[in-house]
Each structure stands twice: as structure tokens, then as C-alpha cells.
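Here the structure is laid out as C-alpha cells; the discussion comes afterwards.
There are 2 protein chains.
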Amino acid sequence: MKKCEGADEVMTTLVLVSHPQLADSTSQQFLKESLPSQNVIWEHIEGQAKLDVAQEQAQLRQVDRIILQFPLYWYAAPAGLKAWEDTVLTRTFVYGDHRYPLAGKELGIVVTTGMPEPAFQRGGAEGLTLDAALAPLAALAQRAKLTWLPIFPIYQFSYLEEPEKLQLVVDYQRYLTQPQPDSLANRQAWFAQRLVDKVQQLPAEQQATGQLIASVFDQNREHLDQLTDTLAMIKEQEDD
Amino acid sequence: MKKCEGADEVMTTLVLVSHPQLADSTSQQFLKESLPSQNVIWEHIEGQAKLDVAQEQAQLRQVDRIILQFPLYWYAAPAGLKAWEDTVLTRTFVYGDHRYPLAGKELGIVVTTGMPEPAFQRGGAEGLTLDAALAPLAALAQRAKLTWLPIFPIYQFSYLEEPEKLQLVVDYQRYLTQPQPDSLANRQAWFAQRLVDKVQQLPAEQQATGQLIASVFDQNREHLDQLTDTLAMIKEQEDD
Chain A
1 MKKCEGADEV MTTLVLVSHP QLADSTSQQF LKESLPSQNV IWEHIEGQAK
51 LDVAQEQAQL RQVDRIILQF PLYWYAAPAG LKAWEDTVLT RTFVYGDHRY
101 PLAGKELGIV VTTGMPEPAF QRGGAEGLTL DAALAPLAAL AQRAKLTWLP
151 IFPIYQFSYL EEPEKLQLVV DYQRYLTQPQ PDSLANRQAW FAQRLVDKVQ
201 QLPAEQQATG QLIASVFDQN REHLDQLTDT LAMIKEQEDD
Chain B
1 MKKCEGADEV MTTLVLVSHP QLADSTSQQF LKESLPSQNV IWEHIEGQAK
51 LDVAQEQAQL RQVDRIILQF PLYWYAAPAG LKAWEDTVLT RTFVYGDHRY
101 PLAGKELGIV VTTGMPEPAF QRGGAEGLTL DAALAPLAAL AQRAKLTWLP
151 IFPIYQFSYL EEPEKLQLVV DYQRYLTQPQ PDSLANRQAW FAQRLVDKVQ
201 QLPAEQQATG QLIASVFDQN REHLDQLTDT LAMIKEQEDD
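Line order of the protein sequences matches chains A and B.
In terms of full-length UniProt numbering, the first sequence is residues 1 to 240.
In terms of full-length UniProt numbering, the second sequence is residues 1 to 240.
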């Protein structure tokens with residue numbers, strides 16, 4: 001059953017943050033506060049006096065999803081991330097002797113921009129898409145046999161309203177930990193798991209109510225699954 | 001007369017080299033030996049303990065052509081060049097207050113690669129063109145109103161034979177100092193100027209011979225110009 005894919009797996013995510021002045025970055029501080037509480041390793045690249053190549057490589061081997069998170073400087077990641085690439089991602093490590101230790105892992109990009117979304121297109125103020133700007137990272141993913149996730153852009157963080165920021169927290173957490181693809185089934189499973197976790201954290205006297213909510217959510221989800229199946233059947237008949 | 005364009009101008013070129021181990025790089029040492037003797041400033045970015053932003057910016061203002069020269073690491077320039085970009089090319093300097101101090105200057109890229117030319121295309125080992133990999137630099141040029149020169153790639157320098165290396169010296173010198181576009185007329189003017197310079201350096205007893213050679217070159221050039229004009233006329237009539 002594809003809809004249950006990844007629901008019970010425990011996935012580990014590594015978030016590599018590159019920012020030369022992290023403490024001064026409101027967006028990076030916000031994202032740090034928004035991190036999921038479990039199964040996420042967070043690392044600030046520029047925060048280390050000297051990169052420990054062996055340890056960085058070992059860490060990459062252990063995780064399932066790698067997130068590169070940075071502000072866009074001159075249509076690319078800051079120099080700190082490039083230094084990390086140039087140092088940690090040796091040729092021998094990435095594809096030497098046809099061993100590909102990163103093969104099958106996922107690579108996601110969380111990129112903040114000072115310009116709004118429409119700037120990133122031909123004829124826009126920046127004149128190129130984020131996909132085009134980050135093509136070198138996509139090529140790196142291809143070389144390492146990493147699965148490239150669609151980019152997670154955050155345009156003009158400082159202009160976001162409160163409801164947009166709340167939405168960003170959820171979307172960001174899903175980008176870090178939800179199994180791919182970002183399908184309805186995977187979203188449902190992800191939210192259901194979060195609900196179970198929340199209910200378990202409730203005080204004893206609220207457990208019954210919490211479980212009731214969880215069971216209603218589950219029923220709705222089953223109902224939705226049935227509807228989805230029916231729709232799929234109708235679509236199949238149409239295609240014939 | 002377009003064919004004489006730039007022939008008597010003195011153009012200054014700045015070559016910014018980024019390489020973390022310059023002394024160990026045979027290609028970079030070769031290119032350093034191949035530099036034209038005049039009107040070229042050569043600077044090794046990583047060779048400086050700390051970048052002097054004001055001085056770097058002043059230097060950029062003074063020159064006519066800026067060359068970024070580096071090996072391709074993970075489909076981009078090394079971290080050193082990115083650090084230079086992030087530090088020296090402040091927003092205020094590049095396009096603040098709608099002043100564009102670099103407008104109209106030329107930006108060229110000399111990039112060495114470990115992989116052969118066919119690797120840089122869809123389906124090739126690297127899966128993307130050099131143009132696509134270096135799109136962020138082209139976008140930077142566009143933002144700064146710099147004129148982007150076609151990339152000057154050097155594929156697998158260590159496999160070049162001696163005649164190819166000699167050709168490389170000439171092509172490299174032309175890329176650094178010849179007026180654009182790379183037309184027949186501009187090439188002729190460039191070679192003619194080099195010949196005049198060489199003749200002047202000859203000992204007195206060889207001056208007469210040298211001047212004879214230069215004058216034959218000039219006659220041939222005039223003859224070639226006439227042929228070019230004739231061809232252009234024929235082509236015009238065909239187009240009618």
C-alpha cells in the first residue's frame with residue numbers, strides 16, 4: 001500500500017546551515033526555532049573553527065536526508081558552503097572507485113532570498129530561476145547519485161505576516177522530515193504521526209479527548225483514502 | 001572604419017586567479033608564464049591574507065576587462081573566489097543608488113576542467129554545459145551591467161601536446177587583451193600590433209628585415225580586407 005510509505009520509518013535529517021553572520025539573521029534564527037524536535041541534526045558550517053573532514057563525511061553517511069540551508073549571495077550559496085563542498089566532498093569520497101556512499105540519500109535546498117519570487121525568471125530583476133542558479137548543486141547531486149528534492153525557497157522572509165510564518169514552520173518541518181514525494185498520502189501520514197506524538201504529551205485527564213481527536217482524524221483519513229481510490233478508478237475508466 | 005576598432009586603444013585587464021594551491025597547479029603556472037607583458041594586472045585571490053575591499057573595488061573601477069580564472073570545483077569557482085564575490089562585490093558597490101561603476105567593462109572567465117569537453121552537455125558525464133554551470137556568474141555580470149565574454153575553457157590541460165600549448169598561449173593572450181568581438185579584423189589588428197612591438201625589440205642590424213616582414217603583413221592584411229569587402233558585397237547581392 002503506497003499510501004503508508006514511510007509512515008513508520010525513522011528518517012534522520014542533517015541540516016547544514018551556511019551563513020557568515022548567523023546570529024544577525026532573523027530568518028535563520030526563525031528556522032532554527034522551527035526545527036522538528038526529533039531526528040534532525042543541525043550544523044552551522046561557519047560556526048566551526050576548522051572543518052573535520054572525516055567527521056563530516058561520517059555524518060553524511062549516517063543520515064537519510066541532507067538539507068543545505070543558506071541565503072542566496074550572488075546567485076549561489078555563501079563562500080562558507082562552497083568551502084565545505086571543496087573540502088569535505090572529495091572526489092574519492094563522492095564517487096571514487098565507483099563507491100557512492102551518498103547514493104539514494106536525498107538532497108534538499110532551503111534558500112532565502114532578498115528579492116521576491118517574480119524576480120527569479122527571465123526578464124525578472126534577477127534574470128534567472130532559482131533552479132538555474134542552483135544548477136551546480138543539482139549537478140553535484142547527480143554526480144553523487146543523491147536524489148534531488150524540489151528547492152524550498154523562502155522569498156523576503158522579513159516581509160512575511162504572522163500567518164505566513166506559521167505556515168512556514170509547518171512547511172519547513174515537512175520539507176525536513178516528511179517522506180517524499182510530497183503526496184496527499186505522505187502528508188496525511190506525516191500529520192497523523194505528529195498528532196499521535198502530541199496526544200501522548202497531553203496530561204492524563206486530557207488523554208481520552210486527545211485519542212478521540214486522533215481517531216476522528218484517522219477515520220477521516222480512511223474516508224479520504226476511499227475517495228481517492230474511487231477517483232483513481234473513475235480516472236482509469238476514462239483513460240481506457 | 002570598424003576594422004581598425006580598438007587597434008590603438010590601450011586597454012587594461014585584471015586577471016583574478018582563484019586556486020587554493022596555486023604553486024602546485026601546472027595549468028595556473030603555465031598561464032602565469034603566458035601572461036602578456038603589458039597592461040595586465042595579475043592577482044591571486046587566496047594569496048592575500050585579508051582582502052582589502054576598498055583597494056579591490058578601486059582596482060575594478062580602473063580596469064577595462066576583468067578576467068576570473070579558476071579550476072572548476074563542483075561546477076563552480078573555488079570557495080576563494082566566492083569569498084571575494086561575497087566580500088568585495090557589495091550591493092552598494094555594484095548597483096547601489098543606481099550607480100553602476102562596472103557598467104560597460106567586460107567580464108571574461110578562464111576555467112580549467114579535469115574532464116574533457118564532451119562531458120559538459122546533457123547526457124555527458126557532468127550532465128550540464130559550462131554555460132549552465134557558470135550561470136550565476138553570468139547573472140552577476142548582468143546585474144553589474146558588465147559585458148559577458150564567451151567563456152574561455154581549458155579542458156584537461158595536463159593532456160595537451162606541445163603545439164596545443166603554444167596555441168593556448170596565443171589564444172589566452174588574445175582573450176586577455178584583444179578587443180571584442182573576436183572578429184577577423186580585430187584579430188588582424190591584434191597580431192599586427194604584436195608584430196610592430198617585436199620588430200622594435202630586434203637588434204639594429206635586423207631592423208630592416210623586421211620592417212620588411214611587418215610591411216608584407218600589412219599588405220596581406222589590406223589585400224584580405226579587400227577580399228572581405230568583396231565577399232560582403234557578393235553576400236549582400238545574394239540576400240536581395
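Here a beta-carbon is modelled for each residue, glycine too, at the ideal position from N, C-alpha and C.
On a predicted model such as this, the values are computed, not experimentally measured, just so you know.
Handout entry: B/Gln173 versus B/Gly210 - alpha carbon distance
Key = 22 Å
Practice task
Measure the CB-CB distance between B/Ala135 and A/Leu128 and report whether it falls below 7 Å.
Solution key: yes
Exercise for the section: Kindly indicate if chain A contains any beta-carbon less than 7 Å away from that of B/Val17. Expected result: no
Practice task
Inspect the beta-carbon positions of B/Phe70 and B/Ser34 and report whether they are closer than 7 Å.
Solution key: no
Problem - 3-residue-minimum beta strand (DSSP E) runs that sit fully inside the region 130-178 of chain B, ordered along the chain - result: 152-155
Practice task
Output yes or no for whether 7 Å exceeds the beta carbon distance between A/Leu168 and A/Ile109.
Solution key: Cβ distance not < 7 Å, so A/Leu168 and A/Ile109 don't count as in contact.
Exercise for the section: Name the one or two DSSP bridge partners that A/Arg65 has. Expected result: In the DSSP output, where bridge partners are listed per residue, A/Arg65 has A/Thr13, A/Glu106.
Problem - N-terminal and C-terminal residue of the beta strand (DSSP E) that A/His44 is part of - result: 40-44
Exercise for the section: Measure the beta-carbon distance from B/Lys145 to B/Gly104 and round it to whole angstroms, keeping in mind my assumption that it falls under 8 Å. Expected result: 7 Å
Exercise for the section: Mark B/Pro118 as exposed unless 16 or more other C-beta atoms lie within 10 angstroms of its C-beta, in which case mark it buried. Expected result: exposed
Problem - Straight-line gap, A/Ala139 to A/Trp148 (C-alpha atoms, nearest Å) - result: 9 Å
Practice task
Check the Cβ-Cβ distances between A/Glu222 and every residue of chain B, and say whether any is below 7 Å.
Solution key: Not closer than 7 Å to any Cβ of chain B, the Cβ of A/Glu222 fails to qualify, so no.
Problem - Option nearest A/Leu16 by Cα separation, candidates A/Val10, A/Thr26, A/Val40, A/Pro36 - result: A/Val40
Practice task
Please list the residues of the region 110-142 of chain B that have a C-beta atom closer than 7 Å to any C-beta atom in chain A, keeping them in chain order.
Solution key: Within the region 110-142 of chain B, the qualifying residues are Glu126, Gly127, Leu128, Ala132, Ala133, Ala135, Pro136, Ala139, Leu140, Gln142.
Exercise for the section: Kindly list the residues whose CB is nearer than 7 Å to the CB of A/Arg221, restricted to its own chain and excluding five residues on each side of it in sequence; keep chain order. Expected result: Gln188, Ala192
Practice task
Check whether the Cβ atoms of B/Gln57 and B/Phe93 lie closer than 7 Å to each other.
Solution key: yes
Exercise for the section: Please determine, among A/Gln142, A/Asp86, A/Val111, A/Thr12, the residue with the shortest C-alpha to C-alpha distance to residue 245 of chain A. Expected result: Since the first residue shown for chain A is 1 and the last is 240, residue 245 of chain A is missing from the structure and cannot be characterised.
Problem - Host alpha helix (DSSP H) of A/His19 (start-end) - result: That residue, A/His19, is in no alpha helix (DSSP H); it is neither H nor E in DSSP.
Practice task
Would you mind working out which of B/Trp74, B/Leu137, B/Glu164 sits nearest residue 261 of chain B, comparing C-alpha positions?
Solution key: With chain B covering 1 to 240 only, the question about residue 261 of chain B has no answer from this structure.
Problem - Where the region 74-105 of chain A meets chain B: residues whose CB sits under 7 Å from a CB there - result: Trp74, Tyr75, Ala76, Pro78, Ala79, Lys82, Ala83, Glu85, Asp86, Leu89
Problem - Buried or exposed (CB count within 10 angstroms, at least 16 for buried), B/Asp86 - result: buried
Problem - Alpha-carbon to alpha-carbon, B/Val216 and B/Glu236 - result: 30 Å
Practice task
Flag this pair as yes or no: are the beta carbons of B/Phe120 and B/Leu130 separated by less than 7 Å?
Solution key: Between B/Phe120 and B/Leu130, the gap from beta carbon to beta carbon is short of 7 Å.
Practice task
Look at the alpha carbon of A/Asp239 and the alpha carbon of A/Asp218, and state the distance between them as a whole number of angstroms.
Solution key: 31 Å
Exercise for the section: Measure from the alpha carbon of A/Pro116 to the alpha carbon of each residue in A/Arg91, A/His223, A/Ala141, A/Ile154, then state which is nearest. Expected result: A/Ile154
Practice task
Under 8 Å Cβ to Cβ from B/Leu184, same chain only, skipping five residues before and after it: list those, please.
Solution key: Leu224, Thr228
Exercise for the section: Report all residues from its chain with a CB closer than 6 Å to the CB of A/Tyr100; omit the five preceding and five following residues, and keep chain order. Expected result: Lys145
Exercise for the section: Give the secondary structure of B/Phe70 by DSSP, where H, G and I count as helix, E and B as strand, and everything else as coil. Expected result: strand
Exercise for the section: Look at B/Leu195 and B/Ala208 and say whether their C-beta atoms are less than 7 Å apart. Expected result: no
Handout entry: Spatial distance of A/Thr13 from B/Val10 (CA atoms)
Key = 56 Å
Exercise for the section: Return the chain-ordered list of same chain residues with a C-beta closer than 8 Å to the C-beta of B/Met1, the five sequence neighbours on each side being excluded. Expected result: Any reading at B/Met1 must be qualified, since the residue scores a pLDDT of 36, below 50, and its modelled position is unreliable; no value is offered.
Problem - B/Ala208 (DSSP reduced to helix, strand or coil) - result: helix
Problem - Separation of B/Glu161 from B/His44, as counted between CA atoms - result: Pairing B/His44 with B/Glu161, the inter-Cα distance amounts to about 27 Å.
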